[in-house]
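**Student:** Just passing along the structure, written as structure tokens.
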Amino acid sequence: MSDKPSKTWLENSIPTLPGISDKRQKLFAKLGVDTLEDLLWLVPRTYENWQDRTPLSELQAGMVATFVASVDNMPSSSRRGRLTYLRARLADQGASIQAVWFNQPWIAGQLTRGSQFLFRGKVEESGRRISVVNPDFRSLDDDAFQPEFLPVYPLTAGLYQTTVRKAVKAALDHPSSFIEETLPQSIRSEAKLTTADFAVRRIHYPTTLRDLELARKRLAFEELFLVMAGLRALRSGRRGQRGPVMTIRRDTRDWISRQLDALPFKLTPSQESALEAIFDDFRKDEPANRLIQGDVGSGKTVVAAMAMAAACKEGYQAVMMAPTTILAGQHMETVSKILEETGLEIALLTGATRAAEKRKLIGKLQEGAIDILIGTHAVLEEDVIFANLGCCVTDEQHRFGVRQRVSLTGSGDRIPHVLVMSATPIPRTLAMILYGDLDISEIRDMPEGRLPVKTYTATSRDRARIDRMIAGQIEAGSKTYVVCPLVEDSESVSLNSAQAVFERLSQEAFPDSSVALMHGRLKARDKQAVMDAFSRGEIDILVSTTVIEVGIDQPDATLLVVENAERFGLS
Numbered sequence: 162m163s164d165k166p167s168k169t170w171l172e173n174s175i176p177t178l179p180g181i182s183d184k185r186q187k188l189f190a191k192l193g194v195d196t197l198e199d200l201l202w203l204v205p206r207t208y209e210n211w212q213d214r215t216p217l218s219e220l221q222a223g224m225v226a227t228f229v230a231s232v233d234n235m236p237s238s239s240r241r242g243r244l245t246y247l248r249a250r251l252a253d254q255g256a257s258i259q260a261v262w263f264n265q266p267w268i269a270g271q272l273t274r275g276s277q278f279l280f281r282g283k284v285e286e287s288g289r290r291i292s293v294v295n296p297d298f299r300s301l302d303d304d305a306f307q308p309e310f311l312p313v314y315p316l317t318a319g320l321y322q323t324t325v326r327k328a329v330k331a332a333l334d335h336p337s338s339f340i341e342e343t344l345p346q347s348i349r350s351e352a353k354l355t356t357a358d359f360a361v362r363r364i365h366y367p368t369t370l371r372d373l374e375l376a377r378k379r380l381a382f383e384e385l386f387l388v389m390a391g392l393r394a395l396r397s398g399r400r401g402q403r404g405p406v407m408t409i410r411r412d413t414r415d416w417i418s419r420q421l422d423a424l425p426f427k428l429t430p431s432q433e434s435a436l437e438a439i440f441d442d443f444r445k446d447e448p449a450n451r452l453i454q455g456d457v458g459s460g461k462t463v464v465a466a467m468a469m470a471a472a473c474k475e476g477y478q479a480v481m482m483a484p485t486t487i488l489a490g491q492h493m494e495t496v497s498k499i500l501e502e503t504g505l506e507i508a509l510l511t512g513a514t515r516a517a518e519k520r521k522l523i524g525k526l527q528e529g530a531i532d533i534l535i536g537t538h539a540v541l542e543e544d545v546i547f548a549n550l551g552c553c554v555t556d557e558q559h560r561f562g563v564r565q566r567v568s569l570t571g572s573g574d575r576i577p578h579v580l581v582m583s584a585t586p587i588p589r590t591l592a593m594i595l596y597g598d599l600d601i602s603e604i605r606d607m608p609e610g611r612l613p614v615k616t617y618t619a620t621s622r623d624r625a626r627i628d629r630m631i632a633g634q635i636e637a638g639s640k641t642y643v644v645c646p647l648v649e650d651s652e653s654v655s656l657n658s659a660q661a662v663f664e665r666l667s668q669e670a671f672p673d674s675s676v677a678l679m680h681g682r683l684k685a686r687d688k689q690a691v692m693d694a695f696s697r698g699e700i701d702i703l704v705s706t707t708v709i710e711v712g713i714d715q716p717d718a719t720l721l722v723v724e725n726a727e728r729f730g731l732s
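This is the structure:
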């Protein structure tokens with residue numbers, strides 16, 4: 162007999178469920194769902210609340226609302242290009258609204274005149290009229306399973322909410338779907354936590370808001386508990402690693418002080434504290450792993466530059482890696498200016514570097530003739546070899562995978578010290594999760610003369626006011642960023658695309674101003690050309706997707722407009 166434990170039902174692959182074809186299995190795999198257990202741990206990102214209903218007369222643009230209404234006329238269909246439009250007027254107690262569905266002609270057969278439904282969707286404004294776009298609907302007489310809180314799952318192209326919901330429901334209804342407990346009873350009692358089985362079932366289909374709160378609390382506690390245990394293991398593992406010991410001698414400190422005195426500004430207390438913490442790290446036998454966190458303009462790059470300079474003064478080389486060519490080029494310019502009195506040899510390496518120039522640069526790097534290398538992912542290539550690497554700086558490190566970071570730090574007997582710069586305003590606890598085993602230095606105070614950032618929220622009704630703010634920036638000689646979630650308009654979501662916003666601003670709102678468009682589909686040299694023109698002051702308004710970098714330093718850019726801000730994550 163085998164001592165191997167028997168396989169549980171939840172360890173089976175998802176085709177165990179009815180309706181999961183090979184094609185759908187591959188789509189689920191893109192979400193990280195391979196087994197039934199993976200499926201049950203696919204936590205909804207939000208919920209459709211069918212419980213709270215709004216009278217039709219109280220609907221306003223921007224709302225995602227649930228309301229009761231009757232079909233007031235027979236749905237009419239029309240086409241424009243590849244899009245099919247289905248329109249119907251919905252009415253209730255003297256109020257009415259137009260409903261529009263895109264590319265769903267079969268809905269016409271379900272909506273008979275006079276029939277009453279429960280509708281749910283986003284209310285939008287066009288001119289002086291409001292409409293509801295692609296609303297879901299339910300029959301008020303349907304006795305089938307209709308939860309008040311309907312889960313909304315993360316998806317991938319080709320996979321639909323109905324498919325995921327059916328699969329999750331089938332898995333939960335199976336008699337062998339019981340979720341085994343993972344936390345000891347003592348911990349659950351002390352933290353007042355529900356069981357794992359209750360939490361998983363209610364996270365998918367909560368019957369009340371209280372159920373949802375209990376489920377979220379349990380799952381969040383467990384995830385954080387496991388993360389903290391993992392962090393402890395990571396830190397324990399670091400104790401066995403050896404880093405380059407830099408004594409930061411008096412002559413090095415005096416030399417750094419002279420470089421700081423040569424700058425046209427003084428370091429803030431936070432910058433000084435961060436630099437001292439780095440020097441303390443450098444003196445230790447184990448490699449530093451430190452996050453330098455601060456808002457844009459707080460002076461993280463100055464701290465990193467002086468840390469790299471100190472490493473070079475101690476006889477080591479340093480490397481700074483950025484996620485894009487644009488940001489790497491900016492770091493090259495900024496660091497060179499900060500360290501121009503040091504006499505250090507600083508070089509730039511990106512994917513755009515010509516082959517002959519790259520071969521020459523790599524040769525100098527191996528000989529130790531280059532002190533600081535600044536670049537993109539190109540610095541990770543196998544033929545890029547350092548003579549004596551002592552310090553690695555990465556910008557917005559969560560853009561890079563763990564393997565890439567190891568590629569930078571894994572050569573030689575000693576692992577170089579690692580510094581990570583991030584402008585992402587994240588809480589300290591979340592920073593620990595994102596950055597794993599890193600110590601954290603926060604630069605809280607801004608340099609003298611730096612004005613505080615003012616943040617406003619606005620809706621589509623405030624468009625004219627926003628245009629006036631942009632006009633004021635142009636008149637004052639300042640520049641504006643406009644960031645959008647999409648490159649082009651989408652049939653599946655109603656969002657402001659970069660292309661549409663660019664056309665409105667350049668053709669309607671500001672035809673006499675210079676408006677440019679940048680997105681990820683442009684070639685690297687074209688993106689660089691746009692940013693160079695923006696830096697030279699030739700562009701008044703830059704419309705972009707998230708290809709624009711958080712850390713980009715453009716002193717003349719004083720206004721940032723974020724379209725559909727709800728679509729952007731914390732980072």
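Numbering (the working numbering), first residue to last: 162 to 732.
By construction, the Cβ of each residue, glycine as well, lies at the ideal position given by its N, Cα and C atoms.
Small disclaimer: the values here were computed from a predicted structure and weren't measured.
1. Just to check my reading of the structure: residue 467 and residue 421 have Cβ atoms closer than 8 Å, yes? What is that Cβ distance to the nearest angstrom?
2. Rounding to the nearest angstrom, what Cα-Cα distance links residue 726 and residue 706 in this structure?
3. List the DSSP bridge partners of residue 451.
4. Whole angstroms is fine: what's the gap from residue 463's alpha carbon to residue 543's?
5. Tell me where the beta strand (DSSP E) around residue 229 begins and ends.
6. Quick one, which of 188, 452, 537 has its alpha-carbon nearest residue 319's?
7. List in chain order: all unbroken alpha helix (DSSP H) runs of 4+ residues lying wholly within the region 294-373.
8. Which ranges would you report for the beta strand (DSSP E) in the region 661-711 if only whole runs of at least 3 residues count?
9. Using the DSSP secondary-structure output, state which residues sit across from residue 552 in a beta bridge.
10. Pick from 185, 184, 196, 183: whose alpha carbon is nearest that of residue 175?
11. Once you ignore the five residues that flank residue 715 on each side, which residues in its own chain have a CB closer than 7 Å to its CB?
12. Just curious, the beta strand (DSSP E) that residue 253 is in, first and last residue?
13. Note down, in chain order, each residue of its chain lying with its Cβ closer than 7 Å to the Cβ of residue 252, except the 5 sequence neighbours on either side.
14. Could you give the uninterrupted runs of the beta strand (DSSP E) lying entirely in the region 412-473, keeping only those of 3 residues or more?
15. Looking only at its chain, what residues have a beta carbon closer than 8 Å to the beta carbon of residue 261, apart from the 5 residues adjacent to it on each side?
16. Contact between the region 276-288 and the region 214-231: three or more CB pairs below 8 Å?
17. Give the secondary structure of residue 719 by DSSP, where H, G and I count as helix, E and B as strand, and everything else as coil.
18. Nearest-angstrom Cα distance between residue 523 and residue 488?
19. Let me check one thing: in DSSP terms, what residues is residue 262 bridge-paired to?
20. May I ask you to list the residues that DSSP assigns as paired with residue 256?
21. List the endpoints of the continuous beta strand (DSSP E) containing residue 281.
22. Taking only the alpha-carbon atoms, compute the straight-line gap between residue 179 and residue 297 and give it to the nearest angstrom.
23. Starting from residue 106, follow its DSSP beta bridges and name the residues at the other end.
24. Kindly list the residues whose CB is nearer than 6 Å to the CB of residue 218, restricted to its own chain and excluding five residues on each side of it in sequence; keep chain order.
25. Could you check if residue 264 is buried or exposed, using at least 16 other CB atoms within 10 Å of its CB as the buried criterion?
26. Between the beta-carbon of residue 209 and the beta-carbon of residue 311, is there less than 7 Å?
27. Tell me, please, which residues DSSP counts as bridged to residue 508.
28. If the criterion is Cβ atoms closer than 7 Å, does the pair residue 642 and residue 721 meet it?
29. Please report the distance separating the alpha-carbon of residue 379 from that of residue 356.
30. Can you tell me whether DSSP reads residue 182 as helix, strand or coil?
31. Counting Cβ pairs closer than 8 Å, one from the region 533-550 and one from the region 507-524, do we hit at least three?
32. Out of 547, 370, 374, 333, state which residue places its alpha-carbon closest to the alpha-carbon of residue 529.
33. If I'm right that residue 556 touches residue 482 with Cβ under 8 Å, what's the distance once you round it to whole angstroms?
**Tutor:** Let me lay it out:
1. If you number the sequence shown from 1, residue 467 lands on position 306. If you number the sequence shown from 1, residue 421 lands on position 260. Between residue 421 and residue 467 the Cβ distance is about 7 Å, and since that is below 8 Å, they are a contact.
2. In the sequence shown, residue 726 corresponds to position 565, counting from 1. In the sequence shown, residue 706 corresponds to position 545, counting from 1. Each residue's alpha carbon lies about 12 Å from the other.
3. As a working mapping, residue 451 is identified with position 290 in the sequence shown. DSSP output for residue 451 lists 580, 600 as bridge partner(s).
4. Position 302 of the sequence shown, counting from 1, holds the residue named residue 463. Position 382 of the sequence shown, counting from 1, holds the residue named residue 543. About 29 Å.
5. In the sequence shown, counting from the first residue as 1, residue 229 sits at position 68. Where residue 229 is concerned, the enclosing beta strand (DSSP E) stretches over 225-232.
6. Counted from its first residue, the sequence shown places residue 319 at position 158. Considering only alpha carbons, the answer is 188.
7. 322-334, 346-352, 357-365
8. 676-679, 702-705
9. Locating residue 552 in the sequence shown gives position 391, where the first residue counts as 1. In the DSSP output, where bridge partners are listed per residue, residue 552 has 479, 578.
10. Position 14 of the sequence shown holds residue 175. Considering only alpha carbons, the answer is 196.
11. As a working note, residue 715 is residue 554 in the sequence shown. The answer, listed in chain order, is 640, 695, 696.
12. Here residue 253 refers to the residue found at position 92 when the sequence shown is read from its first residue. Where residue 253 is concerned, the enclosing beta strand (DSSP E) stretches over 244-253.
13. Here residue 252 refers to the residue found at position 91 when the sequence shown is read from its first residue. Closer than 7 Å at the Cβ level, and outside the excluded window around residue 252, lie 230, 231, 233.
14. 450-455
15. Reading the sequence shown from its first residue, position 100 is the one you call residue 261. Counting only Cβ-Cβ distances below 8 Å, and skipping sequence neighbours, we find 246, 247, 248, 292, 293, 294, 295.
16. yes
17. Mapped onto the sequence shown, residue 719 falls at position 558. Reduced to three states, the DSSP call for residue 719 is strand.
18. As a first step, residue 523 is located in the sequence shown; it is residue number 362 there, counting from the start. As a first step, residue 488 is located in the sequence shown; it is residue number 327 there, counting from the start. In a straight line, the C-alpha of residue 523 is about 21 Å away from that of residue 488.
19. Translated into the one-based positions of the sequence shown, residue 262 becomes position 101. Answer is 247, bridged to residue 262.
20. On the sequence shown, position 95 is the one that residue 256 refers to. Looking at the DSSP assignment, residue 256 forms a beta bridge with 253.
21. Residue mapping note: residue 281 aligns to position 120 of the sequence shown, counting from 1. Start and end: 277-287.
22. On the sequence shown, residue 179 is found 18 positions in, with the first residue counted as 1. On the sequence shown, residue 297 is found 136 positions in, with the first residue counted as 1. Going from the Cα of residue 179 to the Cα of residue 297 covers about 25 Å.
23. Since the first and last residues shown for the chain are 162 and 732, residue 106 lies out of range.
24. To locate residue 218, count along the sequence shown from 1; it is residue 57. Cβ neighbours of residue 218 beyond the five flanking positions: 256.
25. Your numbering for residue 264 matches position 103 in the sequence shown. Residue 264 should be labelled exposed.
26. Position 48 of the sequence shown, counted from the first residue, corresponds to residue 209. Position 150 of the sequence shown, counted from the first residue, corresponds to residue 311. Contact flag set, yes.
27. On the sequence shown, residue 508 is found 347 positions in, with the first residue counted as 1. Answer by DSSP bridge pairing, in chain order: 534.
28. Within the sequence shown, numbered from 1, the residue matching residue 642 stands at position 481. Within the sequence shown, numbered from 1, the residue matching residue 721 stands at position 560. Going by C-beta atoms, residue 642 is nearer than 7 Å to residue 721.
29. If you number the sequence shown from 1, residue 379 lands on position 218. If you number the sequence shown from 1, residue 356 lands on position 195. Cα-Cα distance, rounded: 8 Å.
30. On the sequence shown, position 21 is the one that residue 182 refers to. Note: residue 182 maps to coil in three-state DSSP.
31. yes
32. To locate residue 529, count along the sequence shown from 1; it is residue 368. Selected option, being the one with the closest Cα: 547.
33. Within the sequence shown, residue 556 is the residue found at index 395, counting from 1. Within the sequence shown, residue 482 is the residue found at index 321, counting from 1. About 7 Å; that satisfies the 8 Å criterion.
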